[in-house]
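K.L.:
The structure's right below; bear with me while I get my questions together.
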Amino acid sequence: MHVSDTADPFGTAALRDGLVAAWRSSPTRLREDVATEADLVRTGYRDRVLTELAQNAADAASRAGIPGTLRVWRVGTCLHIANTGAPLDETGVQALTALRASSKTGGVGRFGVGFTAVLAISDEVEVRSRTGSVRFSAAQTRDVLDEHGLAVPDGSVPTLRLAWPSTTPPPAGSDTEVVLDVRFGIDAETLLDDFRREAIDLLLELPALQTIVIDEDEFVRTESVLESGLRELRIGDHYWWEHRGASARWLVPVVDGVVRPVGDDVLRAPTRSDEELSLPALVVADVPMQPDRRRMLPGAPVEHLVQGYADFVASLPGDQRLVLVPTPGFARSEVDGRIREALFEELRSNRWLPAADGGDDLSPDRAAALTGLDDALAEALDEVVPGLISPALCSPRHAAALASVDVHRIGLARVADLLAGHSREPAWWHRLYQALTPLVVDAVTAEELAALPVPLSDGRTVTGPRTTVLHDLGSVTLPWVRLVHPDAAHPLLTRLGAGTVTAEDLLGDPALVAAIDDVHHDPDDQSAEDLAAVVLTLVAKVPAAAVPRELGMLLLPDTEGELVPADELLLPDAPLAEVLVEDSPFGTVDEGLVEKYGADALHAIGVGWGFTVLRAELPTGPDHDLPDEDTWWHTIGTDPETLVAVRDLDLVDETRWDRALALLAAEPDTAATLTDRDGYTAWWLRNYAVLGDQPLGHLRYVDDAAFEGLLDPCTHPDAGAFRACLAGTGIDDPHLAEILLDRLADPGRRPDPAAVVAAHAALARAYATGTVDLDSVILPAGVRSLAGTVVDAAEALVADLPWFASVIPADRLVVVDDAAAAALAELLDIAAASAVISGEPTGPGRATTWRREPDAVLASVASGLPLPARPLVVHEQLAVRCTGAITGDREVPWWVDASGTVHCTRLGLPGALAGLSRSS
1 MHVSDTADPF GTAALRDGLV AAWRSSPTRL REDVATEADL VRTGYRDRVL
51 TELAQNAADA ASRAGIPGTL RVWRVGTCLH IANTGAPLDE TGVQALTALR
101 ASSKTGGVGR FGVGFTAVLA ISDEVEVRSR TGSVRFSAAQ TRDVLDEHGL
151 AVPDGSVPTL RLAWPSTTPP PAGSDTEVVL DVRFGIDAET LLDDFRREAI
201 DLLLELPALQ TIVIDEDEFV RTESVLESGL RELRIGDHYW WEHRGASARW
251 LVPVVDGVVR PVGDDVLRAP TRSDEELSLP ALVVADVPMQ PDRRRMLPGA
301 PVEHLVQGYA DFVASLPGDQ RLVLVPTPGF ARSEVDGRIR EALFEELRSN
351 RWLPAADGGD DLSPDRAAAL TGLDDALAEA LDEVVPGLIS PALCSPRHAA
401 ALASVDVHRI GLARVADLLA GHSREPAWWH RLYQALTPLV VDAVTAEELA
451 ALPVPLSDGR TVTGPRTTVL HDLGSVTLPW VRLVHPDAAH PLLTRLGAGT
501 VTAEDLLGDP ALVAAIDDVH HDPDDQSAED LAAVVLTLVA KVPAAAVPRE
551 LGMLLLPDTE GELVPADELL LPDAPLAEVL VEDSPFGTVD EGLVEKYGAD
601 ALHAIGVGWG FTVLRAELPT GPDHDLPDED TWWHTIGTDP ETLVAVRDLD
651 LVDETRWDRA LALLAAEPDT AATLTDRDGY TAWWLRNYAV LGDQPLGHLR
701 YVDDAAFEGL LDPCTHPDAG AFRACLAGTG IDDPHLAEIL LDRLADPGRR
751 PDPAAVVAAH AALARAYATG TVDLDSVILP AGVRSLAGTV VDAAEALVAD
801 LPWFASVIPA DRLVVVDDAA AAALAELLDI AAASAVISGE PTGPGRATTW
851 RREPDAVLAS VASGLPLPAR PLVVHEQLAV RCTGAITGDR EVPWWVDASG
901 TVHCTRLGLP GALAGLSRSS
């Protein structure tokens with residue numbers, strides 16, 4: 001080996017002499033060196049000054065086994081780049097002067113030609129090291145060529161082929177320094193700005209470098225190992241997580257603990273190349289590159305680089321792992337495409353997807369994703385849907401990434417299918433429905449859950465909410481209705497088609513009546529008990545008025561244990577029992593039922609306490625099983641809109657009506673029926689209820705004076721409540737007419753004249769309307785006169801015209817209003833006065849008109865009656881000579897003769913005015 005002297009420790013003179021000799025012997029060699037150096041500067045190493053020098057610095061630090069430091073600063077037109085590490089040696093100088101050789105046996109940049117990059121900015125280059133320094137100069141090289149008569153056609157010179165020794169050492173603290181005299185026209189400050197932008201990338205790419213200082217700006221990389229096994233790199237305020245695989249380093253930026261995928265980048269081998277990538281992480285790898293380190297060698301393998309990438313992904317927090325799955329799309333280069341495919345295969349075949357249950361990671365081929373999955377739903381579906389991945393990865397934004405690694409995506413329909421056959425507590429189903437609710441956003445998703453299982457109150461689990469109904473009735477089991485178990489009930493079921501029912505709906509369900517019928521046809525103690533339990537539980541939840549009367553057929557046990565329809569039973573100590581006949585069909589309900597369900601519920605379905613009220617909307621005929629209903633129906637003109645009637649009145653013991661009426665009056669529902677005079681209840685009581693020895697309809701209310709003295713007053717303390725059930729002012733049945741006729745003919749009765757007239761008027765109206773006919777009554781021999789006496793019917797006279805009343809003796813006179821006189825005479829079979837009496841005035845009078853008589857006008861004004869148009873004769877005293885049934889002269893206040901002329905005294909004018917107005 002050549003021994004160097006201290007003035008030229010690296011033997012640069014010998015190197016120059018040998019190279020000049022080679023050029024002189026082969027001018028072609030010179031041109032080749034010029035062209036090669038120019039090509040490297042122009043294409044291969046353009047814009048790579050700092051990169052190539054940093055690689056050399058990293059190699060030096062690595063050989064020295066120390067953290068490398070690279071410093072860059074400017075002095076005038078010169079840039080200084082200094083580093084720590086192994087210093088320059090003789091083989092290094094030889095490599096610097098050779099375009100095709102390198103002294104490096106490891107590290108990066110095996111080809112020493114990378115140093116050529118400095119020629120992009122400088123023609124005067126000096127390399128200072130603590131072992132010696134060399135310099136390169138384009139000007140000196142040109143002088144050497146001129147000295148030896150060597151010329152290059154385009155005037156270029158191979159600047160880095162000839163080296164000269166230098167005595168300037170590197171600055172303290174550095175082992176090697178490169179000084180570049182920046183070529184005129186290149187802005188050194190701009191170069192420094194570019195270097196600052198490259199510094200962070202270089203620290204990431206070159207682990208042997210720890211610090212880069214650009215002028216006053218220092219960039220330091222620090223490292224720490226995380227619990228996940230990843231390395232966290234920090235440069236200033238920037239962080240990266242690094243995974244070191246078998247053949248590559250993978251780095252991804254992190255901000256506040258959140259991974260930020262890279263996207264578009266280039267392969268780093270180890271520094272930036274021109275191989276474009278579209279990966280979510282930076283990849284730094286030692287791969288075969290072309291001499292300019294911009295492109296890979298054709299056919300060089302890259303697939304091995306992805307080994308361990310799945311481990312990198314698995315080391316990330318579970319909710320961030322999918323960001324390291326390459327985004328689906330076109331590759332940016334051939335290398336990118338090959339690496340992407342290898343990455344997908346690596347991810348598909350390894351476990352890295354976090355499981356929803358927190359267990360071991362899953363491989364994509366064993367994993368399932370449910371869009372919209374959250375923690376609550378994941379917990380509910382544990383052990384139901386195998387292989388569910390973490391909810392954090394199931395949002396729609398991750399769909400593409402999951403699809404690219406072939407994760408099986410399931411929908412709600414598949415979830416419903418997987419739930420089939422599972423037996424869980426109702427509360428578990430409720431939690432499941434709650435967790436599913438956010439996923440049901442439209443009719444399509446609702447349809448996917450059409451087969452969702454639903455637990456029922458009876459312990460079954462059925463398929464499909466549409467066949468079920470929700471309720472708020474507690475623990476009720478109805479075999480004929482699919483009631484959702486109350487612990488599972490959730491609004492989601494309504495959205496999926498489940499119905500909603502109330503207790504009232506269920507009680508009105510025809511299926512319930514059918515179930516009651518089935519038990520009737522095949523009585524069974526257990527079936528009856530179960531059905532009764534359901535019905536009574538529901539009845540307790542609705543108003544009594546809402547309970548269908550058909551439920552009275554429900555079989556309940558009586559005190560003897562026999563099954564009896566509810567409406568044929570009474571509650572224990574029911575007051576109704578005290579008023580019924582001894583052989584009434586009513587039994588007493590079992591006391592155990594009263595204690596369990598309450599008297600109100602039993603009473604609502606028909607178990608009696610007091611009298612029961614029947615209500616029927618829009619009835620069309622007498623088909624309600626009421627006693628004598630046919631007869632009553634014929635007394636009403638049109639069908640009522642609502643039939644309201646008290647039942648079982650015919651079962652009252654005749655001797656107990658006093659208490660029965662008190663019971664009817666005491667209950668609001670039954671008392672209301674007593675006020676409708678035309679209704680069934682009041683009608684029946686008038687005709688069939690008996691107080692003492694008289695029907696209610698033959699008694700009058702104590703304050704009703706119409707038939708006073710003829711009908712006895714009702715002295716019952718509750719008579720005011722059933723006043724409509726007593727006799728009124730009219731006659732609505734032949735029995736009352738016959739009673740009045742008999743009592744009018746009874747001398748022992750002392751009715752006052754007003755009561756007699758009222759009774760005669762009522763009889764006449766009843767006869768005129770057909771309520772009473774001659775065949776329905778037996779006429780007594782006597783009739784009651786106005787004088788209060790009973791007179792033989794043959795002697796009695798009805799004053800059918802008002803002026804006849806003044807000539808008939810009071811003890812023969814029967815008075816009624818003129819309109820009813822003919823009907824009364826026909827009914828009582830007595831004579832009408834006008835038919836059997838004639839009369840004419842006995843003396844003359846003064847002929848006048850009504851308008852001329854002050855007393856007549858005064859009477860008209862006082863009474864409001866119009867003045868008659870008949871002729872008028874005023875007498876000082878008026879006597880009428882009567883013939884026929886009444887004979888002799890009779891003084892009268894007024895009279896109307898056969899011609900129609902009115903005769904009256906002055907005092908008789910008001911009476912005549914009133915009488916004529918009634919008879920006109």
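For the sequence shown, my numbering gives the first residue as 1, with consecutive numbering after it.
We treat Cβ as the ideally placed atom computed from N, Cα and C, and that holds for glycine.
Below 8 Å, how does it come out for the stretch 860-879 and the stretch 756-768: are there three or more Cβ pairs, yes or no?
P.N.:
Verdict: no, contact absent.
K.L.:
Output the distance between the C-alpha atoms of Ala-101 and Ala-95, rounded to the nearest integer angstrom.
P.N.:
The residue labelled residue 101 in the question sits at position 101 within the sequence shown. The residue labelled residue 95 in the question sits at position 95 within the sequence shown. Annotation note: pLDDT 42 at Ala-101 (below 50); position unreliable, no value reported.
K.L.:
In angstroms with no decimal places, state the Cα-to-Cα distance between Ser-156 and Ser-404.
P.N.:
Taking the first residue of the sequence shown as position 1, residue 156 is located at position 156. Taking the first residue of the sequence shown as position 1, residue 404 is located at position 404. Roughly 55 Å separates the two Cα atoms.
K.L.:
Can you have a look at Ile-830 and say buried or exposed, based on whether 16 or more other CB atoms are within 10 angstroms of its CB?
P.N.:
By one-based count along the sequence shown, residue 830 stands at place 830. Ile-830 is buried by the Cβ-count criterion.
K.L.:
Hey, Val-607 and Leu-551 are a contact pair by Cβ (cut 8 Å); roughly how many whole angstroms apart?
P.N.:
As a first step, residue 607 must be located in the sequence shown, where it is residue number 607. As a first step, residue 551 must be located in the sequence shown, where it is residue number 551. Rounded, the Cβ-Cβ distance is 11 Å, inconsistent with contact.
K.L.:
From which residue to which residue does the alpha helix (DSSP H) around Phe-312 run?
P.N.:
For the purposes of this step, residue 312 is identified with residue 312 of the sequence shown, where counting begins at 1. Taken as a continuous stretch (DSSP letters only), the alpha helix (DSSP H) holding Phe-312 covers 309-315.
K.L.:
Sort out for me which residues DSSP pairs Met-296 with in a bridge.
P.N.:
Looking up residue 296 in the sequence shown gives position 296. Note: Met-296 sits in a beta bridge opposite Met-289.
K.L.:
Kindly identify the DSSP beta-bridge partner or partners of Trp-633.
P.N.:
Numbered from 1 along the sequence shown, position 633 holds the residue referred to as residue 633. DSSP output for Trp-633 lists no bridge partner at all.
K.L.:
Can Val-880 and Thr-842 be called in contact, C-beta distance under 8 Å?
P.N.:
The residue given as residue 880 occupies position 880 in the sequence shown. The residue given as residue 842 occupies position 842 in the sequence shown. Contact flag set, yes.
K.L.:
So for Ser-129, helix, strand or coil by DSSP?
P.N.:
Locating residue 129 in the sequence shown gives position 129, where the first residue counts as 1. Strand, per DSSP.
K.L.:
How long is the line joining the alpha carbons of Asp-361 and Leu-277, rounded to whole angstroms?
P.N.:
If you number the sequence shown from 1, residue 361 lands on position 361. If you number the sequence shown from 1, residue 277 lands on position 277. So the alpha carbons of these two residues sit roughly 28 Å apart.
K.L.:
With Asp-217 as the anchor, note down where its beta strand (DSSP E) starts and where it stops.
P.N.:
Against the sequence shown, residue 217 aligns to sequence position 217. Segment 217-225, the beta strand (DSSP E) holding Asp-217.
K.L.:
Once the 5 residues before and after Pro-465 are set aside, which same chain residues still bring their CB inside 7 Å of it?
P.N.:
By 1-based counting over the sequence shown, the position of residue 465 is 465. These residues qualify, in order along the chain: Leu-452, Val-454, Leu-493, Leu-496, Gly-497 and Ala-498.
K.L.:
What does DSSP give as the partner residue(s) for Pro-557 in the beta ladder?
P.N.:
Working through the sequence shown from its first residue, we reach residue 557 at position 557. Partner(s): Leu-563.
K.L.:
Arg-332 by DSSP, collapsed to three states: which one?
P.N.:
For the purposes of this step, residue 332 is identified with residue 332 of the sequence shown, where counting begins at 1. Three-state result, Arg-332: coil.
K.L.:
Does DSSP classify Arg-351 as helix, strand or coil?
P.N.:
The sequence position of residue 351 within the sequence shown is 351, counting from 1. In this structure, Arg-351 counts as coil in the three-state DSSP scheme.
K.L.:
If you scan the stretch 646-726 from start to end, which runs of the alpha helix (DSSP H) of 4 or more residues do you find wholly inside it?
P.N.:
The qualifying runs are 657-666, 668-673 and 680-688.
K.L.:
Which class does Trp-894 belong to by DSSP, given the choice of helix, strand or coil?
P.N.:
Here residue 894 refers to the residue found at position 894 of the sequence shown. DSSP places Trp-894 in strand when its eight states are reduced to three.
K.L.:
Just how far apart, CA to CA, sit Val-20 and Ala-300?
P.N.:
Residue 20 sits at position 20 when you count from the first residue of the sequence shown. Residue 300 sits at position 300 when you count from the first residue of the sequence shown. Going from the Cα of Val-20 to the Cα of Ala-300 covers about 38 Å.
K.L.:
Does DSSP put Gly-109 in a helix, in a strand, or in coil?
P.N.:
One-based indexing of the sequence shown puts residue 109 at position 109. Unreliable positioning characterises Gly-109 in this predicted model, as indicated by a pLDDT of 40, which lies under 50. A coordinate reading is not provided.
K.L.:
Where does Ala-964 sit, in a helix, a strand or coil, going by DSSP?
P.N.:
Nothing about residue 964 can be read from this structure; the chain reaches only from 1 to 920.
K.L.:
Return yes when the C-beta of Ile-200 is under 7 Å from any heavy atom of the ligand SAM, and no when it is not.
P.N.:
Among the components modelled here there is no ligand, and therefore nothing to report on the ligand SAM.
K.L.:
Return the chain-ordered ranges of every beta strand (DSSP E) run that is complete within the stretch 127-185 and spans a minimum of 3 residues.
P.N.:
You should have 132-137, 164-166 and 176-182.
K.L.:
Between the stretch 645-658 and the stretch 561-579, are three or more C-beta pairs nearer than 8 Å?
P.N.:
Contact between the stretch 645-658 and the stretch 561-579 is present, because at least three Cβ pairs lie under 8 Å.
K.L.:
What does DSSP give as the partner residues of His-903 in its beta bridges?
P.N.:
Counted from its first residue, the sequence shown places residue 903 at position 903. Beta-bridge pairing links His-903 to Val-873 and Trp-895.
K.L.:
Helix, strand or coil for Ala-101, going by three-state DSSP, please let me know.
P.N.:
On the sequence shown, residue 101 is found 101 positions in, with the first residue counted as 1. The predicted model places Ala-101 with a pLDDT of 42, which falls under 50 and marks its position as unreliable, so this point remains unresolved.
K.L.:
Helix, strand or coil for Val-266? Go by DSSP, reduced to three states.
P.N.:
Against the sequence shown, residue 266 aligns to sequence position 266. DSSP places Val-266 in strand when its eight states are reduced to three.
K.L.:
I'd like to confirm the pairing. Which residues does DSSP put opposite Pro-997 in its beta bridges?
P.N.:
Residue 997 lies beyond the range of the chain shown here (1 to 920); nothing can be said about it.
K.L.:
Check whether the Cβ atoms of Val-179 and His-80 sit closer than 8 Å, and answer yes or no.
P.N.:
As a working mapping, residue 179 is identified with position 179 in the sequence shown. As a working mapping, residue 80 is identified with position 80 in the sequence shown. It is a contact, given that the beta carbons lie within the stated cut-off.
K.L.:
Figure out for me which residue from Glu-562, Pro-491 and Ala-503 has the closest Cα to the Cα of Gln-526.
P.N.:
Along the sequence shown, read from residue 1 onward, the residue named residue 526 stands at position 526. Nearest C-alpha to Gln-526: Glu-562.
K.L.:
Are the CB atoms of Trp-240 and Val-258 nearer to each other than 8 Å?
P.N.:
Translated into positions along the sequence shown, residue 240 becomes position 240. Translated into positions along the sequence shown, residue 258 becomes position 258. No, the pair does not count as a contact, with Cβ atoms beyond the cut-off.
K.L.:
DSSP three-state label for Thr-883, please.
P.N.:
As a first step, residue 883 must be located in the sequence shown, where it is residue number 883. Correct three-state label for Thr-883: strand.
K.L.:
Pick helix, strand or coil for Ala-574, following the three-state DSSP scheme.
P.N.:
Working through the sequence shown from its first residue, we reach residue 574 at position 574. Coil.
K.L.:
Under 7 Å Cβ to Cβ from Gly-839, same chain only, skipping five residues before and after it: list those, please.
P.N.:
As a working mapping, residue 839 is identified with position 839 in the sequence shown. Around Gly-839: Val-807, Val-880, Arg-881, Cys-882 and Trp-895.
K.L.:
Output the boundary residues of the alpha helix (DSSP H) element that contains Gly-788.
P.N.:
What you label residue 788 is simply residue 788 of the sequence shown in a count that begins at 1. It is not in any alpha helix (DSSP H) - Gly-788 carries neither H nor E in the DSSP assignment.
K.L.:
Going along the chain, which unbroken runs of the alpha helix (DSSP H) with 4 or more residues stay wholly within the stretch 18-46?
P.N.:
Within the stretch 18-46, the complete alpha helix (DSSP H) runs of at least 4 residues are 27-39.
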